[in-house]
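To convert, take the position in the sequence shown, counting from 1, and add 1208; that gives my numbering.
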Amino acid sequence: MESASSIVPIPSARPYRSHKLRACDYCRKRKARCSVEVLGQACLLCRANGRQCEYSDARITPARAGSRPSDLDSHPQSPSAGQSLKRSHAVLEDNITDSPLYTQHVARKQALRRDGIDDDNGITTQSAHIVGPAITSDAHVLEQYMSPNSPEGNEPTQNPYRVYSADPHKPVLYRRVPRRRAGLEVAKEPGVKQQVVLEQVLAPNARRLLHLYLDKVHPAFPVIDENQLLDTRKNDASGPSAALICQIYAITMTYWNQTSFSKVHPHPDSRFAWNLAVKALQDDFLAPTLSTLQTVLVDLTGRPTYSITGNVINIGRAVTFSYSLGLNRDPSQWNISQYEKNLRVRIWWGILIHDSWGSLAHGTPSCINSTQYDVPPPTLDMLKSTVNSSRAHEKSLEGFIALCSLTEILGRVLPLVYDLKGNTQKETLKTIRRVETDLDEWEDSLPEYLIRNSQEEPAVSGSKFHYMQAVAQSDASNTSEALKYRQFECRKSAQTIVNFVRSLQSSHLGEFWLPYGAYYLTSTTTLLLRFAVETTEDAVAESCVSSVKMLTQRLRHAREHDDWDLADDCLSQCEGIIARMTHNGRSSDQTSNLPRPIFNGLEIDAPGDWLDATMPAFYGPMDGSSQMRDVWGMFDYEEPLII
């Protein structure tokens, strides 16, 4: 009994708020409970994130004013307590500085914190802002004068400019500006609190979700670096920001049911995850960096879309901030690392994609003009991964490159859609013919696997459909043979989209989709309904109504059985339009005497009452007359089951 009582049992876990077994740096930083099941192993929070516990050297801090000596001496530190602090953790090898990964790690650190000056709290107080072209040449001369190597230079002073490109024809200079508003309290690491909450909710699958993002989202939309995301140096500035991690956790909620652990762990609340991620992004925008743009790109790519207004605002902020960082300039000849050049290119094209396709989906003019950037499209060498080099991964990257080229073509169509002053008919038709030629060349350049069975194929049909929308509004005469041909092509493109959606399997629905596809499906359905209402040809009306039936049937099946959120907007809008059309059937003389308005310099037919609120305003009667068909009874049908 005496010998047994002298044995001190080893605790199986660290007591809460224990000072004998202190918390690791990761838990202390996040003010989370450091729970250790077995001494010598990582705590639960570090294990959930795939990392080892790390402990910085304990520093003796001076006693607080008013502390009694007895309080400091009442808890002497035992020798065994110091030994218990020695837990296993990863040790860098001596030759790590010679490895390519370390070189890339240093380049990431320089790219994410370039020109930053830290204060005593470790917060970057200054950032770089590009010098405008109006004074670039003058500032370049001044920079050369203030250079220490200049013979005219006197005693060295702080140079307000930094030269990125000394090309005399296109010099690129940056100046330092305050990163945050004076007097405004900014978090040292925005999003840390939200990240801790999400990781506690998602534990122990938080680390798996990072790999899920790299598997599902990143190959099709590579705006971040895999090594940056998987970097274990969490205390380093080159690692992923907390706000970016929150966005990645939120976007992977769409693919949760496709994982192996979904059978054991229930699906978290997607709206709760997105609200935390959005709060982290708002805090990050108070003192933005290059990483903030990556964060907002992941946010805009997320599904489902909970706030169109929020997305439109984020697109505008991302575009203007990217201008201030000079991302719209070609960095190929700049005095920066190749890693930063590639990073700037992929971020810019991600912003351009969201700005252009978001403009088409949300009905707002694009923030980027095609004449105000010269960044070349990304190449496969820029996007290739050191983590995943499979052929399937390369095919997804090639699909992203094709989407970038298609976005350039779309950028030439959008000015026609949102032009309020109106160009001449001759100029408009010239632009349309050039765009049509570019679109044909783009389709011919696609690899075979992108044409047949690719997630990018909707972009092919969708671009044709919206291109024909711009064409249809540009013809002046309803009796023109050219107009009838354009209307036929527009209807054919819409029906092509319907056939494509019907051919999708469950595996296709689970792949990566941009959120704007939901609005393209709605516009396709709306256009087909308008064709059915305004044509006097029985075959055309029946074909359009049949296409609407098949599309809504397939979308409803995809929503109920595959949880495909892109079908929500089309189903709600389509059912409402059909119900309204059936209830408010109108006669043929309601639009016969309406004046013909001018749109984009061309005369078009005036829309009707309910049609004005539900369908585009630039479509006139399909056959040149104002006779409306009685197609209301065509929508009473029974849907067959899809096997």
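Just so it is clear, CB atoms sit at the ideal spot from N, CA and C, and this is done for glycine as well.
Here the structure is a predicted model, which means the values were calculated and not measured.
Bounding residues of the beta strand (DSSP E) (the contiguous stretch that carries residue i)
| i | result |
| --- | --- |
| Gln1334 | 1334-1338 |
| Leu1381 | 1380-1386 |
Of the residues the options, the one placed nearest residue i, counting alpha carbons only
| i | options | result |
| --- | --- | --- |
| Asn1577 | Asn1536, Ala1495, Glu1750, Gln1713 | Asn1536 |
| Lys1592 | His1426, Arg1259, Tyr1727 | His1426 |
| Ile1705 | Asp1375, Leu1759, Asn1435 | Leu1759 |
| Pro1584 | Arg1599, Ser1243, Gly1558 | Gly1558 |
| Lys1378 | Val1339, Thr1734, Ala1411, Glu1407 | Val1339 |
| Ser1468 | Leu1417, Asp1433, Ile1456 | Leu1417 |
| Arg1642 | Asn1413, Arg1620, Gly1718 | Arg1620 |
| Tyr1263 | Val1244, Arg1230, Val1246 | Arg1230 |
| Thr1500 | Gln1249, Arg1552, Thr1744 | Arg1552 |
| Asp1627 | Asn1596, Ser1597, Thr1572 | Thr1572 |
| Leu1410 | Asn1257, His1337, Leu1654 | Asn1257 |
| Ala1595 | Ala1250, Cys1242, Leu1438 | The sequence given here places Val at residue 1595; Ala does not occur at that position. The shortest C-alpha separation from Val1595 is found at Leu1438. |
Residue i and residue j closer than 8 Å at C-beta
| i | j | result |
| --- | --- | --- |
| Gln1781 | Thr1730 | yes |
| Trp1565 | Tyr1372 | no |
| Arg1554 | Val1380 | no |
| Leu1614 | Trp1650 | yes |
| Leu1494 | Leu1588 | no |
| Asp1773 | Pro1512 | yes |
| Leu1637 | Ile1617 | no |
| Phe1720 | Phe1480 | no |
| Leu1484 | Leu1533 | no |
| Thr1733 | Cys1778 | yes |
| Leu1406 | Thr1460 | no |
| Leu1624 | Thr1645 | no |
| Gln1546 | Val1506 | no |
| Ala1749 | Ala1740 | yes |
| Leu1568 | Leu1622 | yes |
Where residue i sits in the DSSP three-state scheme
| i | result |
| --- | --- |
| Tyr1372 | strand |
| Gly1558 | helix |
| Gln1260 | coil |
| Gly1534 | coil |
| Tyr1724 | coil |
| Trp1542 | coil |
| Thr1645 | helix |
| Gln1249 | coil |
| Glu1407 | helix |
| Ser1685 | The predicted model places Ser1685 with a pLDDT of 37, which falls under 50 and marks its position as unreliable; any figure quoted below should be read in that light. In the structure shown, Ser1685 sits in coil (DSSP, three-state: anything other than H, G, I, E or B). |
| Ala1702 | helix |
| Cys1235 | helix |
| Lys1396 | coil |
| Val1583 | coil |
| Ile1870 | It is not possible to answer for residue 1870, since the shown part of the chain is limited to 1209 through 1851. |
| Asn1596 | coil |
| Asp1563 | helix |
| Arg1389 | coil |
| Thr1467 | coil |
| Leu1568 | helix |
| Leu1505 | helix |
| Ala1401 | In the sequence on display, residue 1401 carries Lys and not Ala. Three-state result, Lys1401: helix. |
| Asn1631 | coil |
Contacts around residue i, its chain only, beta-carbon distance under 7 Å, and the 5 residues preceding and following it disregarded
| i | result |
| --- | --- |
| Asp1563 | Ile1523, Val1527, Ser1574, Cys1575, Ile1576 |
| Lys1487 | Gln1402 |
| Asn1550 | Met1590 |
| Arg1238 | Val1400, Val1404 |
| Arg1710 | Met1758, Arg1762 |
| Ala1853 | Nothing about residue 1853 can be read from this structure; the chain reaches only from 1209 to 1851. |
| Ala1395 | Asp1491 |
Where the alpha helix (DSSP H) containing residue i begins and where it ends
| i | result |
| --- | --- |
| Leu1624 | 1599-1626 |
| Phe1480 | 1478-1492 |
| His1473 | Unbroken run through His1473: none, as it is neither H nor E. |
| Thr1513 | Segment: none, Thr1513 is in no alpha helix (DSSP H) and carries neither H nor E. |
| Leu1588 | 1588-1591 |
| Arg1767 | 1746-1770 |
| Leu1229 | From DSSP, Leu1229 is part of no alpha helix (DSSP H); its letter is neither H nor E. |
| Ile1456 | 1450-1459 |
| Gln1436 | 1434-1438 |
| Ser1715 | 1714-1717 |
| His1419 | 1414-1424 |
Beta-carbon contacts of residue i that lie in its chain and below 6 Å, excluding the five residues immediately before and after
| i | result |
| --- | --- |
| Cys1254 | Tyr1234, Cys1261 |
| Leu1736 | Ala1702, Cys1752, Ser1755, Val1756 |
| Ala1451 | Pro1398, Gly1399, Ala1488, Leu1489, Asp1492, Thr1503 |
| Trp1556 | Leu1535, Val1583 |
Proximal residues to residue i (C-beta, below 8 Å), its chain only, five neighbours per side dropped
| i | result |
| --- | --- |
| Ile1516 | His1570 |
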